[in-house]
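Asks:
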Amino acid sequence: MLIFKENTVLYADNDKEIQGAVMEKCETKIGFITVSDRASRGEYEDLGGPAMQAWMTKALKSDWTAVASVIADEQSLIEQTLIEMADVEGCSLIVTTGGTGPAKRDVTPEATATVCDKILDGFAEQMRSVSLQYVPTAILSRQIAGTRGSTLIINLPGKPSAIGECLEAVFPAVPYCIDLIEGAYLETNDSFIIAFRPKHAMKQS
Amino acid sequence: MLIFKENTVLYADNDKEIQGAVMEKCETKIGFITVSDRASRGEYEDLGGPAMQAWMTKALKSDWTAVASVIADEQSLIEQTLIEMADVEGCSLIVTTGGTGPAKRDVTPEATATVCDKILDGFAEQMRSVSLQYVPTAILSRQIAGTRGSTLIINLPGKPSAIGECLEAVFPAVPYCIDLIEGAYLETNDSFIIAFRPKHAMKQS
Amino acid sequence: MLIFKENTVLYADNDKEIQGAVMEKCETKIGFITVSDRASRGEYEDLGGPAMQAWMTKALKSDWTAVASVIADEQSLIEQTLIEMADVEGCSLIVTTGGTGPAKRDVTPEATATVCDKILDGFAEQMRSVSLQYVPTAILSRQIAGTRGSTLIINLPGKPSAIGECLEAVFPAVPYCIDLIEGAYLETNDSFIIAFRPKHAMKQS
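Residue numbers (our numbering), protein chains in the order written: chain A, 32 to 236; chain B, 32 to 236; chain C, 32 to 236.
1. Is it a yes or a no for the region 222–234 of chain A touching the region 203–210 of chain A, going by three-plus beta-carbon pairs under 8 Å?
2. Just mark residue 104 (chain C) as buried or exposed, buried being the case when its beta carbon has 16 or more other beta carbons within 10 Å.
3. Would you check if there are 3 or more beta carbon pairs closer than 8 Å linking the region 151–164 of chain C to the region 85–96 of chain C?
4. Quick one: what's got a C-beta closer than 7 Å to residue 117 (chain A)'s C-beta in the same chain, skipping five residues either side?
5. So if I threshold CB-CB distances at 7 Å, which residues from the region 74–94 of chain A count as touching chain B?
6. At a CB-CB cut-off below 7 Å, which residues of chain B make contact with residue 166 (chain C)?
7. Using a Cβ-Cβ cutoff of less than 8 Å, which residues in the same chain neighbour residue 193 (chain B) once the five nearest sequence positions on both sides are dropped?
8. Figure out for me which residue from B:189, B:150, B:151, B:184 has the closest Cα to the Cα of residue 169 (chain B).
9. Can you tell me where the alpha helix (DSSP H) holding residue 217 (chain B) begins and where it ends?
10. Name, going along the chain, the residues of the region 109–125 of chain C whose beta-carbon falls closer than 7 Å to a beta-carbon of chain A.
11. Note down, in chain order, each residue of its chain lying with its Cβ closer than 7 Å to the Cβ of residue 71 (chain B), except the 5 sequence neighbours on either side.
12. Using the Cα positions of residue 184 (chain B) and residue 77 (chain A), report the straight-line distance between them to the nearest angstrom.
13. When the Cα atoms are used, what is the spatial distance from residue 128 (chain A) to residue 222 (chain B)?
14. By Cβ distance below 7 Å, which residues in the same chain neighbour residue 92 (chain A) in space, the five residues on each side in sequence not counted?
15. Across which residues does DSSP place residue 100 (chain C) in a beta bridge pair?
16. Judging by CA-CA distance, which residue of C:174, C:216, C:86 is the nearest neighbour of residue 235 (chain C)?
17. Kindly identify the DSSP beta-bridge partner or partners of residue 176 (chain A).
18. Please confirm whether residue 134 (chain B) and residue 211 (chain A) have their CB atoms less than 7 Å apart.
19. Under the three-state reduction of DSSP, which class applies to residue 119 (chain A): helix, strand or coil?
20. Who are residue 149 (chain C)'s beta bridge partners in DSSP?
21. DSSP three-state label for residue 205 (chain A), please.
22. Please identify, using Cβ separations under 7 Å, the residues of the region 147–171 of chain B that lie next to chain A, in order along the chain.
23. With a threshold of 7 Å between beta carbons, is residue 196 (chain B) in contact with chain C?
24. Is it right to say residue 69 (chain C) is buried, meaning 16 or more other beta carbons lie within 10 angstroms of its own, or is it exposed?
25. Can you confirm whether residue 204 (chain C), when its beta carbon is compared against all beta carbons of chain A, has any partner nearer than 7 Å?
26. Between the C-alpha atoms of residue 176 (chain C) and residue 152 (chain C), what's the straight-line distance to the nearest angstrom?
27. Could you name the residues of chain B that residue 136 (chain C) contacts, counting a contact when the two beta carbons are closer than 8 Å?
28. So, helix, strand or coil for residue 55 (chain A), using DSSP?
29. Can you give me the Cβ contacts of residue 213 (chain C) inside the same chain, cut-off strictly under 8 Å, excluding the 5 residues immediately before and after it?
30. Excluding five sequence neighbours on each side, which residues of the same chain lie with their C-beta closer than 6 Å to the C-beta of residue 114 (chain A)?
31. Give the DSSP bridge partners of residue 124 (chain C), in chain order.
32. Shortest alpha-carbon distance to residue 85 (chain B) belongs to which of B:63, B:203, B:201?
33. Looking at residue 144 (chain B) and residue 110 (chain B), is the spacing between their C-beta atoms short of 7 Å?
34. Among all the DSSP beta bridges, which residues are the ones paired with residue 91 (chain B)?
35. Report yes if the CB atom of residue 139 (chain C) is closer than 7 Å to the CB atom of residue 132 (chain C), and no otherwise.
36. Determine the DSSP secondary structure at residue 212 (chain A), reduced to helix, strand or coil.
Written out as structure tokens, the structure is:
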């Protein structure tokens, strides 16, 4: 739980102060979380995080700032990082990579479900459905998506090549979803990916 | 929670009495709930409720009575209305329209999940799958279906044109589902929509 | 809850001792549970259990031993049987048949969800999706799959002819799933069904 006190943010559980962490609503921030025991220990290079950022760079025409983190497969740590990126940094979108399989250490969906207000099952269905065209083990993925306040959180697979496939499958619905939860207004590069918005939701450029 | 006391029904929370609300099992009732802040305040015309009723009129050959309600996007109010239509009115089927998106005020699925004994994920999957053929933002719908005693409850989208698409996608399974939970025996107009029942479940006409 | 005490296993709830129930990790065991009030009372022949075993015999090249049980649609009994087959018998895979519909007595998914650590929604989606090609009432199935420790549990329909359709739809992902949860290494008869494993996960034969 976060407690806001004047210009500082206190974590109720450990009283650790984060100075100057006042949310700036005017700036569009996107969070990138790589969940991997080995990458967090530096045992191998994080490929998922950069793959997600590279995809987003191609997809978005709007300005945005990246907030990135590489962390171990620990449920409480994932939850804390999601909460900080959502509530403190004010990210409109957070994408995670890794930790969505059936293994004991895979706990990213559990952490995501815990911090979200609403789960959007359609994202998971659509990502699995598209991944199934590539590999029958796509059904093993437990990746979910949901909202926390004005932040949309999407779990992506750990495999870098599968990240693009999944984002391509769901991103056309992402900008309008973030409109509905009152986050930033995202615009896509139509030559790369076309987002759908009902006419009444489009801002004039 | 409902407390039955002789021929009256008492709401435990507010002690409001509903006279003569004894359930009549012989009559087939279908509940229609429009969940919309603005429609409930009369700020615009309820189009979803009439669209659901018009569809049902075309689909069903059996006699039935409509029980309709237009209410605000308040979770406790939606729950109370679902419980009343299921337990007091004895509706075999309740369809809702509205409140299934990701926005903060969208709480119809939460209310439905709270009052249901069993959730039938296949309805949600099938409705989203069909809606995806029309619009990529179909994955944002959190509509669910489930059973409460002998009542089947189905969430439909708020957009009137999408109501028919979703009902068409799942209705072939609805009459047999209601048989299995011991609700009314529904018969469809086969020229409009064909319901599936295993042979052993068909009544001779 | 199971309490392991030296070479015996005690059920905390009833103190019933099961002698010599020490798990042998070297042997591959598969559990088959038929959930049916009538079959458990001997009122009709269990066809689902043998259908699941016959399918597995065709599918698997590896050696395995069957552990089979025919039980009533009682949630606590299903849970107890799943726990015993997983924790005491050490089954790497448990398949169930029956009790997945919307009727009041159908409680197999509830029991499965209760004993599982993780639910794998992709199995349910894929099984319903394939069953929908045969019958529109496939959306009524609430069958799920999940893991309990090193055991994968899959709910299958009650109808014997639908068992093969569902197993065919998900089995290509089963051996790798069991690898990931550190269960037995299963090999399939490729002429019957081809399982997918990433190259790094394949054992040399």
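C-beta atoms are modelled at their ideal positions from N, C-alpha and C, and glycine is treated no differently.
Remember, it's a predicted structure, so these values are computed and weren't measured experimentally.
Replies: Let me lay it out:
1. yes
2. buried
3. no
4. 125, 179, 180, 182
5. none
6. 227
7. 162, 165, 187
8. B:189
9. Per DSSP, residue 217 (chain B) belongs to no alpha helix (DSSP H) and is neither H nor E.
10. none
11. 101, 102, 103
12. 46 Å
13. 49 Å
14. 218, 219, 220
15. C:64
16. C:216
17. A:185
18. yes
19. helix
20. C:178
21. helix
22. 155, 156, 159, 166, 167, 168, 169, 170, 171
23. no
24. exposed
25. yes
26. 7 Å
27. The premise fails here: residue 136 (chain C) is roughly 10 Å from chain B at the closest Cβ pair, so nothing lies under 8 Å.
28. Legend: pLDDT at residue 55 (chain A) = 43, less than 50; position of this residue unreliable, no value from coordinates given.
29. 181
30. 146
31. C:61, C:183
32. B:63
33. no
34. B:219
35. no
36. coil
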